[in-house]
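Remember, the numbering used here sits 1085 above the position in the sequence shown when you count from 1.
Notes follow the structure.
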Amino acid sequence: MKLLKKLMVVFVALFMVMSMTSRVMAEGDGSITITPPSGLQSDDETTYTVYKVFDATVNPDDTTKVSYKLCEGDTLTPAMTAAGFSVDSAGNVLFNGTMANTGDTTDAAIAAIAAYVTDADIVATKTATGTTAVTVDGLDYGYYFITTTTGSLVAIDTTNKTAEIKDKNTIPDLDKKITGATSYDEDGKKALAQVGTDVKYEVTITVGKGAVGYVFHDVMDSRLSYNNDVVVDPAASVDNTTTASGDTITVTFKDEWTKANEGKTITITYSAKITADALSDNPAKNTATLDFGEGYKTTETGAEVYNAKFTVTKHDGDGKALTGAGFVIANADGKYYKLVDGVVTWVDSIDEAEEHVSDADGAVAAFTGLANGTYTLIEKTVPEGYNKADDSTFTVDEHDYTAANLEQAATVTNNAGAELPSTGGIGTTIFHVVGAALVLGAGVLLVAKKRVNG
């Protein structure tokens, strides 16, 4: 009898040790490492919320064998049952008749779980910065549901013993480019256009996984005037188009549409008029961003619009400032520059052209707001007592946004005195004839005088 009692004591002790071992493995020994989606900005913060759905019992000799139980006080909801979850006579949670397995979970089951868990089931929250992975540790073995602020997709996993998951939501792709202007680069990021003309823009959004919270923002600076002509394709994606504070254009998209159209492209087109004529060193800018998820924003994308100017300085033959000289410019079509209400126009007659006259310092107001092209500088008004300067040409090259190209200048010299005509009519012939006659007359007088004296 004493021997039997001793054996019972040993058996109980062994049982307690085994129970303690199983408990150590089952409680507080699990972890989940979560990697945020690529493409987030370095200072973006992502919050992961971890809910415990079911308890888990793990065989200490074979940790691949896991059985799940309802957490204390829980019962399956009708939605969970409809999604395929059930409980057998031994209290094990089954999914579609077999042991619940995260790899077999359907979208309907995930939706049911999302409705099943409550704030009381939250066991941890963790914040990741940028794309750096975070680990939630100290977890009991269990079946877990994990939400993320990056989008609508969630994760289901089990701590057996550790789990590694990647945030399945993806960052939307946003691109903005110029598709119409006097001249624009192939990538659509820069344009050289005449003041008063329109610039056309196109934005493309590639919808990511788990796409929710999509709001498009476009901001034009004051030197661009929006033509109020935004078009979104497909129109079915749009919730509303407004103008939020600080925006020129704001488009809010439907979560139902974006979530159902992963990988599809949304196209937004619109245009603006260039209202500034001094964009050589400070281009008119237009930027776009897209909000997504809960508080995220894509990297800003934009385009720049330039125009050119040409400046003249007037000197006399001694290099001194000369006032009163008037200039006009003509384009390659033979039409003349005129700036009316901030818009460059080209008129047929030189008399209608805008003339810029040199001041006391010899300075001539710049011809501004020019696009690329070849132009001719013409001195229309010549100061009294000076010769007219020759016409000269200058060229503004496209795709060249340097100051040397966009801010060209010339010094024009007028020499004093009247210029003798060299072609047309009698020209200089009369002077030659008169000079010859005088020389001949002087010779005759000289001969006659010698005869008299002789």
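Beta carbons: idealized from backbone N, C-alpha and C, even for Gly.
These numbers were taken from a predicted model, which means no experiment stands behind them.
Runs of beta strand (DSSP E) with 3 or more residues, each lying fully within the region 1366-1445, are found at 1369-1377, 1386-1391, 1393-1401, 1411-1415, 1421-1425, 1428-1432, listed in chain order. Following the DSSP letters along the chain, one finds Leu1125 in no beta strand (DSSP E), marked with neither H nor E. The C-alpha of Glu1379 is placed about 18 angstroms away from the C-alpha of Lys1251.
Nearest in C-alpha terms to Asn1254, of all of Met1165, Glu1385, Tyr1381, Ala1438, is Tyr1381. Here the alpha carbon of Ser1268 sits roughly 30 angstroms from the alpha carbon of Ala1320. Residue ranges of uninterrupted alpha helix (DSSP H) with 4 or more members, entirely inside the region 1185-1235 and ordered along the chain, are 1192-1201. In the DSSP annotation of this structure, the continuous segment of the beta strand (DSSP E) that includes Asn1499 starts and ends at 1492-1499.
Between the region 1443-1455 and the region 1406-1424 there are three or more inter-stretch CB-CB distances shorter than 8 angstroms, so the stretches are counted as touching. Note on geometry: alpha-carbon atoms of Ile1195 and Thr1354 lie some 38 angstroms from one another. Residue Ala1501 holds the alpha-carbon nearest to the alpha-carbon of Gly1470 among Thr1453, Leu1455, Ala1501, Glu1492. Pairing Thr1396 with Ala1494 gives a Cβ-Cβ distance under 8 angstroms. Annotation for Leu1375: Pro1257, Leu1259, Ile1290, Tyr1299, Val1300, Phe1301, His1302, Lys1382, Thr1383 place their beta carbon closer than 8 angstroms to its own, counting only its chain and skipping 5 residues before and after.
Ser1322 places its beta carbon less than 8 angstroms from that of Lys1339. Secondary structure of Lys1358 (DSSP, three-state): strand. Apart from sequence neighbours up to five positions away, the residues of its chain that approach Phe1377 with a beta-carbon distance below 6 angstroms are Pro1257, Gly1298, Tyr1299, ordered along the chain. Annotation: the continuous beta strand (DSSP E) that includes Asp1303 extends over 1300-1305. Take Ser1171, set aside five residues on each side of it, and the residues of its chain with a beta-carbon closer than 6 angstroms to its own are Leu1179, in chain order. Nearest C-alpha to Glu1341 among Val1292, Asp1332, Ala1388: Val1292. Secondary structure of Glu1341 (DSSP, three-state): helix. Thr1166 sits in a helix when the DSSP states are folded into three classes.
Inter-residue distance for Ile1241 and Tyr1229 is about 6 angstroms (C-alpha atoms, whole angstroms). According to DSSP, Tyr1460 shares a beta bridge with Phe1479. Collapsing the DSSP output to three states places Ala1488 in a helix.
Take Ser1310, set aside five residues on each side of it, and the residues of its chain with a beta-carbon closer than 7 angstroms to its own are Ala1357, Lys1358, Thr1360, in chain order.
Leaving aside the five residues that flank Ala1363 on each side, the residues in its chain whose CB is nearer than 6 angstroms to its CB run, in chain order, Thr1453.
Shown here, Ala1248 sits in a strand according to DSSP, grouped into three states. Spatial neighbours of Thr1216 in its own chain (CB-CB distance under 7 angstroms, excluding positions within 5 residues in sequence) are listed in chain order as Pro1121, Ser1123, Leu1125. For Leu1259, the beta-bridge partners assigned by DSSP are Ile1290. Restricting attention to Gly1176, Lys1262, Thr1282, Tyr1133, the CA atom closest to the CA of Thr1235 is found in Tyr1133.
Judged by DSSP in its simplified three-state form, Ala1278 adopts coil rather than helix or strand. Judged by DSSP in its simplified three-state form, Ala1320 adopts helix. If you compare the alpha carbons of Asp1173, Lys1275, Lys1370 with that of Tyr1153, the shortest gap goes to Asp1173. For Leu1455, the enclosing beta strand (DSSP E) begins and ends at 1448-1455.
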